[in-house]
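Okay, so here's the structure we're looking at.
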Amino acid sequence: MKRKIGVVLLVLLGLFVVLSNLSVSSDEIANWVNTNYWRNNPKKAYPSWYCLFSERTPTVFLKGSEIERDGFRMYQFLYNHTYKDEPSDIRFYNLSQGEKVEIVVLRPDGILVPLYNDTAISSNLTLNIDMRMEVISTISSVFNLSREEYVFTPPTKLLFSSYKGKTLKGEYVFEIRIRGNSTSFVEILGTCYGILGTDSYGRDMWVGFVKGMNNTLYFAFSTTFITVVLGALLGLLSGYFEGRVAGLLTFLLEVLIALPMLPFLVLLVWLSSTQGVGLEVEINPLVLMLFIAILSLGKFAKTVRMIVMKEKVSEYVKASISVGASSLWIIRRHIFPVIREFSFRHFTILLPKMVALVSVLGFFGLIPGTNWGVFHD
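For the sequence shown, the residue numbers in the working numbering are 463 to 839.
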């Protein structure tokens, strides 16, 4: 029954890994550390599902009405804000680059705030970057704010705040006046995004989770495989054969069992690695896997050694030796099947422990790349 449950859990884990990777693009995975790639996402956004149960601002695109007057096109966008927080940004798309653009907003309290009145430096403009000074100038003048009250305050918070600093709810009217035939539209960038939200750079935390999961599982699976293979080999050699080599291997296993793993692993990583960009450890992953495997195989290899020694003196092995069977034949026919079954069981037990170990080492910066240990804001 336990074996069936274990198989079901492994299948579910495999399905989760596959579906998780299908939910993100390869470009997002490759650009996880490229903060410029995520610049258009809201910063420190809540997960989208959280906004379903709270009064957080969602992301919406506004449809505007168009009026042509004196060679100019006037677009008017209505936005009814009913949430307890303000948007993270407002973006104006498809403007006439190089042409005169005027953008204003009428707040629910009747205050008209000029946002932009100049030649468009780009076809897309944002409130936080391109209109910050205009918002600060108008709001600070109307509410008589001191420099300390607005210098570190985002423009969106100023624009959507009342005199007492609370979020001003109601209808906001955005007007864009441009020359040309382009059709402009407005995006209200909310405070919710994706399955796990975003970090301070705007990176999709779900993408980081998937990337960290892939690297963590790959590293943990490979290290567990190396540990089991080396442990089974050392246990087999030290348990079946006799002589100085077997004695040396037995002594080595006793030393590995007695060694404290983490201090020696930190020392080995420090001696074998270099410091890369951003204080990141640079070390060959295979070398690090070998370090972890060697320091963690002691007890497993000693158990294999005891199994081999027990099988070696069994009646059917002695009978095989009496009829002239070679050591290789005995190992392959009688001893290896027992070791193989025990190794498979140990692999399933060791793998989750290795995932936890990789995450802990990643948290302390001892493993290069993105993993669950360094997956935080």
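Quick reminder that beta carbons are idealized off the backbone N, C-alpha and C, glycines included. Since the model is a prediction, treat every value here as computed from it, not as a measurement.
Self-check item: residue 619: first and last residue of the uninterrupted alpha helix (DSSP H) it sits in
Solution: Start at 1 with the first residue of the sequence shown, and residue 619 comes out as number 157. For residue 619, the enclosing alpha helix (DSSP H) starts and ends at 617-621.
Quiz item: Based on the DSSP secondary-structure assignment, which residues constitute the bridge partners of residue 565?
Solution: The count along the sequence shown starts at 1 and reaches residue 565 at position 103. Answer is 578 and 638.
Quiz item: residue 689 by DSSP, collapsed to three states: which one?
Solution: Sequence index remark: in the sequence shown, residue 689 carries index 227 (1-based). Note: residue 689 maps to helix in three-state DSSP.
Practice problem: Kindly give me the distance between the Cβ atoms of residue 820 and residue 829, rounded to whole angstroms, as I take these residues to be in contact under 8 Å. | Solution: Looking up residue 820 in the sequence shown gives position 358. Looking up residue 829 in the sequence shown gives position 367. About 6 Å separates the two Cβ atoms, so the contact holds.
Quiz item: CA-CA distance, residue 714 and residue 470?
Solution: By 1-based counting over the sequence shown, the position of residue 714 is 252. By 1-based counting over the sequence shown, the position of residue 470 is 8. Near 38 Å, if we compare the C-alpha coordinates of residue 470 and residue 714.
Quiz item: Since residue 588 contacts residue 551 with CB under 8 Å, what's their CB separation in whole angstroms?
Solution: Stepping through the sequence shown from its first residue, residue 588 is reached at position 126. Stepping through the sequence shown from its first residue, residue 551 is reached at position 89. The C-beta separation of residue 588 from residue 551 comes to about 6 Å, placing the pair in contact by the 8 Å criterion.
Quiz prompt | Nearest-angstrom beta carbon gap, residue 817 and residue 825 [assumed within contact, 8 Å] | solution = The residue you call residue 825 lines up with position 363 of the sequence shown. The residue you call residue 817 lines up with position 355 of the sequence shown. Going by Cβ atoms, the distance from residue 825 to residue 817 rounds to 13 Å, so no, they are not a contact pair.
Quiz item: With 16 other CB atoms within 10 Å as the buried threshold, where does residue 758 fall?
Solution: Locating residue 758 in the sequence shown gives position 296, where the first residue counts as 1. Buried, because 16 or more other Cβ atoms sit within 10 Å of the Cβ of residue 758.
Exercise. Pick out whichever of 712, 577, 746 and 488 has its Cα sitting closest to the Cα of residue 563.
Key: Reading the sequence shown from its first residue, position 101 is the one you call residue 563. Looking at the Cα atoms, 577 is the closest of the given residues.
Practice problem: Note down the Cα distance separating residue 781 from residue 704, rounded to an integer number of angstroms. | Solution: Within the sequence shown, the letter at position 319 stands for residue 781. Within the sequence shown, the letter at position 242 stands for residue 704. Near 20 Å, if we compare the C-alpha coordinates of residue 704 and residue 781.
Quiz prompt | Member of 626, 556 and 609 whose CA lies at the smallest distance from the CA of residue 535 | solution = For this step, residue 535 is matched to residue 73 along the sequence shown. Sorting 626, 556 and 609 by C-alpha distance to the C-alpha of residue 535 places 556 at the top.
Quiz item: What number of angstroms, rounded off, separates the C-alpha of residue 610 from the C-alpha of residue 486?
Solution: Walking along the sequence shown from the start, residue 610 turns up at place 148. Walking along the sequence shown from the start, residue 486 turns up at place 24. Rounded to whole angstroms, residue 610 to residue 486 spans 42 Å at the Cα level.
Quiz item: Which word fits residue 549, buried or exposed, when buried means at least 16 other C-beta atoms lie within 10 angstroms of its C-beta?
Solution: Taking the sequence shown and counting its residues from 1, the one referred to as residue 549 is at position 87. So residue 549 ends up on the buried side.
Exercise. Kindly list the residues whose CB is nearer than 7 Å to the CB of residue 582, restricted to its own chain and excluding five residues on each side of it in sequence; keep chain order.
Key: Numbered from its first residue, the sequence shown carries residue 582 at position 120. Within its own chain, the residues whose Cβ lies closer than 7 Å to the Cβ of residue 582, once the five positions on either side in sequence are excluded, are 557, 558, 559, 560, 561 and 563, listed in chain order.
Exercise. Throw me the rounded Cβ distance for the residue 660 and residue 755 pair, which I believe falls under 8 Å.
Key: Start at 1 with the first residue of the sequence shown, and residue 660 comes out as number 198. Start at 1 with the first residue of the sequence shown, and residue 755 comes out as number 293. Cβ atoms of residue 660 and residue 755 stay farther apart than 8 Å, at about 37 Å.
Self-check item: Close-in-space but distant-in-sequence residues of the same chain around residue 638 (CB under 6 Å, 5 per side omitted)
Solution: Within the sequence shown, residue 638 is the residue found at index 176, counting from 1. If the five residues before and after residue 638 are omitted, its C-beta is found closer than 6 Å to the C-beta atoms of 537, 565 and 646, all from its own chain and listed in chain order.
Quiz item: Can you tell which of 507, 481, 501 and 823 has its C-alpha closest to the C-alpha of residue 654?
Solution: For the purposes of this step, residue 654 is taken as residue 192 along the sequence shown, with counting starting at 1. Selection 507, 481, 501 and 823 evaluated against residue 654 yields 507 as nearest (Cα-Cα).
Exercise. Check each candidate in 792, 723 and 623 and name the one with the smallest Cα separation from residue 752.
Key: The residue labelled residue 752 in the question sits at position 290 within the sequence shown. Closest option to residue 752, Cα to Cα, is 723.
Quiz item: So, using beta-carbon positions, are residue 553 and residue 649 closer together than 9 Å?
Solution: Working through the sequence shown from its first residue, we reach residue 553 at position 91. Working through the sequence shown from its first residue, we reach residue 649 at position 187. The answer is yes: Cβ separation under 9 Å.
Self-check item: Cβ-Cβ separation, residue 636 to residue 545 (assumed contact under 8 Å), whole Å
Solution: As a position in the sequence shown, residue 545 is number 83, starting the count at 1. As a position in the sequence shown, residue 636 is number 174, starting the count at 1. Going by Cβ atoms, the distance from residue 545 to residue 636 rounds to 17 Å, so no, they are not a contact pair.
Self-check item: Contact check, residue 760 vs residue 718, beta carbons under 9 Å
Solution: Here residue 760 corresponds to residue number 298 of the sequence shown, with the count starting at 1. Here residue 718 corresponds to residue number 256 of the sequence shown, with the count starting at 1. Residue 760 is a Cβ neighbour of residue 718, given a cutoff of 9 Å.
Quiz item: Is it right to say residue 790 is buried, meaning 16 or more other beta carbons lie within 10 angstroms of its own, or is it exposed?
Solution: Position 328 of the sequence shown holds residue 790. Residue 790 should be labelled exposed.
Practice problem: Identify whether residue 839 lies in helix, strand or coil by the three-state DSSP scheme. | Solution: Numbered from 1 along the sequence shown, position 377 holds the residue referred to as residue 839. The pLDDT assigned to residue 839 is 46, lower than 50, so where the model puts this residue is not dependable; a value taken from the coordinates is nonetheless given after this. Correct three-state label for residue 839: coil.
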